[in-house]
Amino acid sequence: MDLKEQLTDEELASKVQAGDTESFGFLVERYEPKLKRYGTKFISNRAYIEDLVQDIFIKVYTNIQSFNTKMRFSPWIYRIAHNEFVNAIKKRVRTPLSFFDLDEVFPHLTSNETADGEAAESETKRMMDDCLDKLDSKYREPLILYYYEDMDYQEIAEIMHIPISTVGVRINRGKKLLRKIFDDRFKK
Amino acid sequence: MTDLKNKILDKIQTGEAKMRPRWHFILKAILAAVGSVVIFAILIYLFSFVVFILHDSGAWFAPAFGSEGIGIFLASLPWTLIFVGIIFVVILETLIRRYSFAYRKPLLYSLSGIVLFVAVMGSAVYQTPLHDNLLLKAEEGRLPLAEELYRGYTTQPIRKAHTGIIKKINDKEFKVEGRIKNGDDDLTIKISPKTKFPAGQDFKEDDRVLIVGNKKDRVIEAVGVLKVKDKRRINSDQDRKADKSEEENLKKIELDLNIDLERQILR
Numbered sequence: 139m140d141l142k143e144q145l146t147d148e149e150l151a152s153k154v155q156a157g158d159t160e161s162f163g164f165l166v167e168r169y170e171p172k173l174k175r176y177g178t179k180f181i182s183n184r185a186y187i188e189d190l191v192q193d194i195f196i197k198v199y200t201n202i203q204s205f206n207t208k209m210r211f212s213p214w215i216y217r218i219a220h221n222e223f224v225n226a227i228k229k230r231v232r233t234p235l236s237f238f239d240l241d242e243v244f245p246h247l248t249s250n251e252t253a254d255g256e257a258a259e260s261e262t263k264r265m266m267d268d269c270l271d272k273l274d275s276k277y278r279e280p281l282i283l284y285y286y287e288d289m290d291y292q293e294i295a296e297i298m299h300i301p302i303s304t305v306g307v308r309i310n311r312g313k314k315l316l317r318k319i320f321d322d323r324f325k326k
Numbered sequence: 017m018t019d020l021k022n023k024i025l026d027k028i029q030t031g032e033a034k035m036r037p038r039w040h041f042i043l044k045a046i047l048a049a050v051g052s053v054v055i056f057a058i059l060i061y062l063f064s065f066v067v068f069i070l071h072d073s074g075a076w077f078a079p080a081f082g083s084e085g086i087g088i089f090l091a092s093l094p095w096t097l098i099f100v101g102i103i104f105v106v107i108l109e110t111l112i113r114r115y116s117f118a119y120r121k122p123l124l125y126s127l128s129g130i131v132l133f134v135a136v137m138g139s140a141v142y143q144t145p146l147h148d149n150l151l152l153k154a155e156e157g158r159l160p161l162a163e164e165l166y167r168g169y170t171t172q173p174i175r176k177a178h179t180g181i182i183k184k185i186n187d188k189e190f191k192v193e194g195r196i197k198n199g200d201d202d203l204t205i206k207i208s209p210k211t212k213f214p215a216g217q218d219f220k221e222d223d224r225v226l227i228v229g230n231k232k233d234r235v236i237e238a239v240g241v242l243k244v245k246d247k248r249r250i251n252s253d254q255d256r257k258a259d260k261s262e263e264e265n266l267k268k269i270e271l272d273l274n275i276d277l278e279r280q281i282l283r
């Protein structure tokens, strides 16, 4: 087994910064399935996702010197992926230009991270599998990162560049909307 | 090895994908920081300038006359400058929103922080003689770029409000020398029982006053009169004091030198 396989993402990124291209290959291996899975939540065309993931890795390599190895690598690469996928959606669908979202403007009280019970979590995931495509993207993404990528509110905030309290608000609202869509679709 | 990994490593090895050097990001961060500082400086300058022209015209004090005064204040606000300021605030917010200290908190906090900081620093700059000196230079034609800005904004008359220095005073009227440069050299202010004095009637000659009322042929039927601070005169008084003390020091040095010279001649 290659010793590099035992290195953390941050240690591999540090080696890439020092000029070790081979280490970048290990990062690609680690993140390729994750980013492809993340991409399927935004875009349905698999070939297009493949192209986008390739572009993401090229951007990661190009900008790797801006990564601070004292920070976690995962939110950093997901931030690049987030931008790439969001831009891809914008190119395909003409969305109205919004400078700031109201959710990000005001402080929210209901921002604490609360752990769902196992049953509730699996129910939310089931609803997400069935109805996620019907959900507004601003609610869809934090739900994906929270339930599928196992990220906490702070990491999601880092990826989406929104306040931590807004992450909580969007996840809670997203779950409610998901429940409504799910009920409308299957219970009527 | 996956296909994607091969493709990417190939692109790196053939030089199709190139790593940007660290200095590129450092330079970018420095430029963003410098840009933010410059925009902050512009905003502080704009804020202090708006406060300065509102004081200069007297409109700053108009709200003391109640709703009519608030109307005068709002009508005399330099909306173009305020609009420019708002654009700079939006640019600044966009610049700092890239940093975690800004995006981790609700937008309201960072916007309030910017506005508060600019207001505090702008008020501090207003207290300095910066704008008085620049206006003086503009009036003397020695401020090539900002001459129009200073001359334009400080000579704009405000609707139904006038400022001036009291030259003569009696129970029924004031004679006021106007500071507005559109021919209001001498104004007569008629006082009636209806005239409001929000800060009392303790007026004396050389006081600067804000008068609210319609002007007709250099006569104003005063709806209200308010004594207001004249920063320019306070500054010029301070300058005069400073000049006097400098003059005294020079005289003392001169005297000491003369005494030394006399002593040397006597030896």
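Residue numbers (the numbering used here), protein chains in the order written: chain C, 139 to 326; chain B, 17 to 283.
We treat Cβ as the ideally placed atom computed from N, Cα and C, and that holds for glycine.
Check: Taking only three categories from DSSP, how would you classify C:I181?; Outcome: coil
Check: Using 8 Å for Cβ pairs, my map puts B:I182 next to B:V192. What's the rounded Cβ distance?; Outcome: 6 Å
Check: Taking the alpha carbon of B:I185 as the reference point, which residue from B:T204, B:E270 and B:S126 has its own alpha carbon closest?; Outcome: B:T204
Check: Nearest-angstrom Cα distance between C:H220 and B:F99?; Outcome: 34 Å
Check: What residues in its chain sit with their C-beta under 7 Å from that of C:M289, if we drop five residues either side in the sequence?; Outcome: L283
Check: At 7 Å on the CB atoms, spell out the chain C contacts of B:R120, in chain order.; Outcome: A295, P301 and I302
Check: Within the 8 Å Cβ cut-off, does B:I112 reach chain C?; Outcome: no
Check: Note down, in chain order, all residues in the segment 186–210 of chain C with a beta-carbon under 8 Å from any beta-carbon belonging to chain B.; Outcome: E188, V191, Q192, F195, I196, Y199, T200, N201, I202, Q203 and S204
Check: So is B:T30 in contact with chain C if we call contact Cβ pairs under 8 Å?; Outcome: no
Check: Could you check the C-alpha separation between B:L277 and B:K267 for me, to the nearest Å?; Outcome: 15 Å
Check: Quick one: list the residues of chain B neighbouring C:F180, beta-carbon separation under 7 Å, in chain order.; Outcome: In chain order: nothing, as chain B lies at least about 18 Å away.
Check: Using CA atoms only, rank isn't needed, just tell me which of B:F63, B:L150, B:L242 and B:K231 is closest to B:T211.; Outcome: B:L242
Check: Are the segment 56–70 of chain B and the segment 133–144 of chain B in contact at 8 Å, needing three or more beta carbon pairs?; Outcome: yes
Check: Taking 8 Å as the limit between beta carbons, can you name the residues of its chain near B:F219, skipping five residues before and five after?; Outcome: I182, I185, F190, V225, V241 and K243
Check: According to DSSP, is C:H299 part of a helix, a strand, or is it coil?; Outcome: coil
Check: Could you tell me whether any non-hydrogen atom of the ligand GDP is closer than 7 Å to the CB of B:T170?; Outcome: Judged by which ligands are present, the structure shown has none, so any question about the ligand GDP falls away.
Check: List the residues of chain C that B:I284 touches, going by C-beta distances under 9 Å, in chain order.; Outcome: Residue 284 of chain B is absent from the model: chain B starts at 17 and stops at 283.
Check: Using alpha carbons as the reference points, say which of C:E143, C:F164 and C:G312 lies closest to C:K276.; Outcome: C:G312
Check: Exposed or buried, what is C:P301 when buried is set at 16 or more other beta-carbons lying within 10 Å of its beta-carbon?; Outcome: buried
Check: How would you label B:I86, buried or exposed, when you count the other beta carbons within 10 angstroms and need 16 or more for buried?; Outcome: exposed
Check: Does the segment 39–46 of chain B come close enough to the segment 87–107 of chain B to have 3 or more Cβ pairs within less than 8 Å?; Outcome: no
Check: Is any beta-carbon of chain C found at less than 8 Å from that of B:R4?; Outcome: This structure gives no information on residue 4 of chain B, because the portion of chain B shown stretches from 17 to 283.
Check: Skipping 5 residues on each side, what residues in its chain have a beta carbon closer than 8 Å to that of B:L159?; Outcome: L150, K153 and Y166
Check: Would DSSP call B:T171 helix, strand or coil?; Outcome: coil
Check: Excluding the 5 residues preceding and the 5 following B:Q29 in the sequence, name in chain order all residues of the same chain whose CB lies nearer than 7 Å to its CB.; Outcome: none
Check: Tell me whether C:R317 sits in a helix, a strand or coil according to DSSP, three-state version.; Outcome: helix
Check: Under a CB-based cut-off of 8 Å, is C:E143 close to chain B?; Outcome: no
Check: Which residues of chain B have a Cβ atom closer than 8 Å to the Cβ of C:E170, listed in chain order?; Outcome: T18, L20 and K21
Check: Report yes or no: do the segment 102–122 of chain B and the segment 44–53 of chain B share at least 3 C-beta pairs separated by less than 8 Å?; Outcome: yes
Check: Would B:A48 pass as an interface residue toward chain C - the criterion being a Cβ-Cβ separation below 8 Å?; Outcome: no
Check: Counting only runs of 4+ residues fully inside the segment 94–118 of chain B, write out the alpha helix (DSSP H) ranges in chain order.; Outcome: 95–112
Check: Quick check: is the beta carbon of C:D147 nearer than 8 Å to any beta carbon in chain B?; Outcome: no
Check: Is C:D271 helix, strand or coil when you go by DSSP?; Outcome: helix
Check: For chain C, find out if any of its Cβ atoms is closer than 8 Å to the Cβ of B:F41; answer yes or no.; Outcome: yes
Check: Could you tell me the distance, in whole angstroms, from the CA atom of B:A75 to the CA atom of B:A215?; Outcome: 16 Å
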